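Written out below as structure tokens is the structure these notes cover.
Residue numbers (the working numbering): -3 to 73.
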């Protein structure tokens, strides 16, 4: 079963709300460049939200995003 980057990001934020992009990327074993497009799409779709200014943003799931976030992802740190 293939786990998408989208699912990994959602699961990471479900279990660890308030992550910045560096910690989020590290948690799922990727770099910030690899997840930036996915994070932008999730923000635009209303599945995640961010607080703070550029360079200090903290990401969390929205209540809408909670419906789509897996509880866990096998092998996630």
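Quick reminder that beta carbons are idealized off the backbone N, C-alpha and C, glycines included. These figures come from a predicted structure and were not determined experimentally.
N- and C-terminal bounds of the alpha helix (DSSP H) containing residue 15: Per DSSP, residue 15 belongs to no alpha helix (DSSP H) and is neither H nor E.
Distance, residue 12 Cα to residue 31 Cα: 16 Å
Residue 54 in three-state terms, based on DSSP: strand
Residue 53 versus 7, 20, 1, -2, residue with shortest Cα-Cα distance: Ranked by Cα distance from residue 53, the options 7, 20, 1, -2 are led by 20.
Coil, strand or helix - residue 24 by DSSP: coil
Sub-8 Å separation of residue 74 and residue 1 beta-carbons: With the chain represented from -3 up to 73, any question about residue 74 goes unanswered, as that position is not in the structure.
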